[in-house]
Ligand code: GLU
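Dropping the structure here:
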């Protein structure tokens, strides 16, 4: 049976872009008689606010998107993340690193999907593990697994290229897991068979596929959907973003707008049956772009 999930991070209110991500995950599950789960990615203790998670549930209700089973909170799973990190350490695949973002930016010679690619500065250095981040030695990991592939429903089969990111952080200095490690473990623990997320996270799936192979986890199929974009006022489109104050769903809900109608309007616009709300569009998916 197909199982999808919507996995928002409670570091700001949901906006229309999140609504679209939730609709895609929900509708794919419902169309195929599957399950749709809600997971709160609240690993980021300081920036996450639990009150926001309650708002997210109200937002989904308002949009008419019912999830199945209990809501999953990453903050309840820190032990599982730490255990997986220990396994990878025991395989000799993680190393500690104290480099700051600024230090990495100063020495990086390549740019990857997340910005400057970490050039491996600490890989062969004796670095005090206390208070360090732990990075995955991607070359050693790939040597161990051999070539890997994964399938995006829309883009087809992909050769896994986790090397595009350089040696990713799996255990953060300030949290027991990075997004990559936590999301991969959660998708396996929750029995997710179809990972749906925005095309902006397409490249992350290369890393997740590698982690699945290293940790012996089941391999789902992926569905990276197009992103809702807004006119930037200069003739270009840009991603809706919390930091630019995209209108919060919660505000629209409190103002009495009809959430079911909003969800249906987005569905109809995505099908091409009617225009998108003014100033909004759906960006084409750039398949395979890192
Ligand atoms: N927590 C991520 C976000 O809010 C979603 C990650 C995912 O779906 O894998 O963008």
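Residue numbers (the working numbering): 72 to 361.
Think of the CB as a built atom: it goes at the ideal place given N, C-alpha and C, for glycine as much as any other residue.
Quiz item: For residue 163, is the classification buried or exposed, using 16 other Cβ atoms within 10 angstroms of its Cβ as the cut-off for buried?
Solution: By 1-based counting over the chain shown, the position of residue 163 is 92. Exposed, because fewer than 16 other Cβ atoms sit within 10 Å of the Cβ of residue 163.
Quiz item: In three-state terms, what does DSSP make of residue 273?
Solution: Along the chain shown, one-based indexing puts residue 273 at 202. Reduced to three states, the DSSP call for residue 273 is coil.
Quiz item: Grouping DSSP H, G and I as helix and E and B as strand, with all else coil, what is residue 310?
Solution: For the purposes of this step, residue 310 is taken as residue 239 along the chain shown, with counting starting at 1. Residue 310: strand per DSSP, three-state reduction.
Quiz item: Where in the segment 126 to 191 do unbroken runs of the alpha helix (DSSP H), each at least 4 residues long, occur, reported from the N-terminal end onward?
Solution: 149 to 161 and 172 to 178
Exercise. Just the C-alpha distance for residue 285 and residue 212, rounded to the nearest angstrom, thanks.
Key: Here residue 285 corresponds to residue number 214 of the chain shown, with the count starting at 1. Here residue 212 corresponds to residue number 141 of the chain shown, with the count starting at 1. Taking the straight line joining both Cα atoms gives about 7 Å.
Quiz prompt | Residue environment, residue 121, which counts as buried when at least 16 other CB atoms sit within 10 Å | solution = To locate residue 121, count along the chain shown from 1; it is residue 50. With fewer than 16 Cβ atoms within 10 Å of its Cβ, residue 121 is classed as exposed.
Quiz item: Taking all protein chains shown into account, do 16 or more other C-beta atoms lie within 10 angstroms of the C-beta of residue 268, making it buried, or fewer, making it exposed?
Solution: In the chain shown, counting from the first residue as 1, residue 268 sits at position 197. Label assigned to residue 268: buried.
Exercise. Report the partner residues of residue 61 according to the DSSP bridge assignment.
Key: Outside the modelled stretch of the chain, which goes from 72 to 361, sits residue 61, for which no answer is possible.
Exercise. Find the nearest neighbour of residue 318 within the set 96, 87 and 99, judged by alpha-carbon distance.
Key: Residue numbering aside, residue 318 sits at position 247 when the chain shown is read from its first letter. It is 87.
Quiz prompt | Rounded C-alpha distance that separates residue 248 from residue 344 | solution = Mapped onto the chain shown, residue 248 falls at position 177. Mapped onto the chain shown, residue 344 falls at position 273. Straight through space, the alpha carbons of residue 344 and residue 248 are spaced by roughly 43 Å.
Exercise. Could you spell out the range, first to last residue, of the beta strand (DSSP E) harbouring residue 343?
Key: Locating residue 343 in the chain shown gives position 272, where the first residue counts as 1. No beta strand (DSSP E) holds residue 343; DSSP gives it neither H nor E.
Quiz item: If we count Cβ pairs, one from each stretch, closer than 8 Å, do we get three or more for the segment 274 to 284 versus the segment 232 to 250?
Solution: yes
Self-check item: Length of the line joining the Cα atoms of residue 364 and residue 95
Solution: A question about residue 364 goes unanswered here, because the residues of the chain that appear run from 72 up to 361.
Quiz prompt | Classification of residue 355 by the beta-carbon crowding that lies within 10 angstroms, buried from 16 upward | solution = Translated into positions along the chain shown, residue 355 becomes position 284. Burial call: exposed.
Quiz item: According to DSSP, is residue 248 helix, strand or coil?
Solution: Reading the chain shown from its first residue, position 177 is the one you call residue 248. Three-state result, residue 248: coil.
Practice problem: For residue 192, collect the residues of the same chain with a Cβ closer than 6 Å to its Cβ; drop the 5 residues on either side in sequence, then sort them by chain order. | Solution: Taking the chain shown and counting its residues from 1, one reaches residue 192 at position 121. Around residue 192: 170.
Self-check item: Pair within 8 Å by beta-carbon distance, residue 80 and residue 130
Solution: Position 9 of the chain shown, counted from the first residue, corresponds to residue 80. Position 59 of the chain shown, counted from the first residue, corresponds to residue 130. No, the pair does not count as a contact, with Cβ atoms beyond the cut-off.
Quiz item: Can we count residue 272 as close to the ligand GLU, meaning its CB is less than 7 Å from some heavy atom?
Solution: Counting from one through the chain shown, the residue named residue 272 turns up at place 201. Residue 272: yes, Cβ under 7 Å from the ligand GLU.
Quiz item: Quick one: what's got a C-beta closer than 6 Å to residue 75's C-beta in the same chain, skipping five residues either side?
Solution: Here residue 75 refers to the residue found at position 4 when the chain shown is read from its first residue. Answer for residue 75: 96, 99, 100, 107, 265 and 267, listed in chain order.
Quiz item: Where DSSP assigns a beta bridge to residue 75, which residues make up the other side?
Solution: As a first step, residue 75 is located in the chain shown; it is residue number 4 there, counting from the start. In DSSP, residue 75 forms a bridge with 107.
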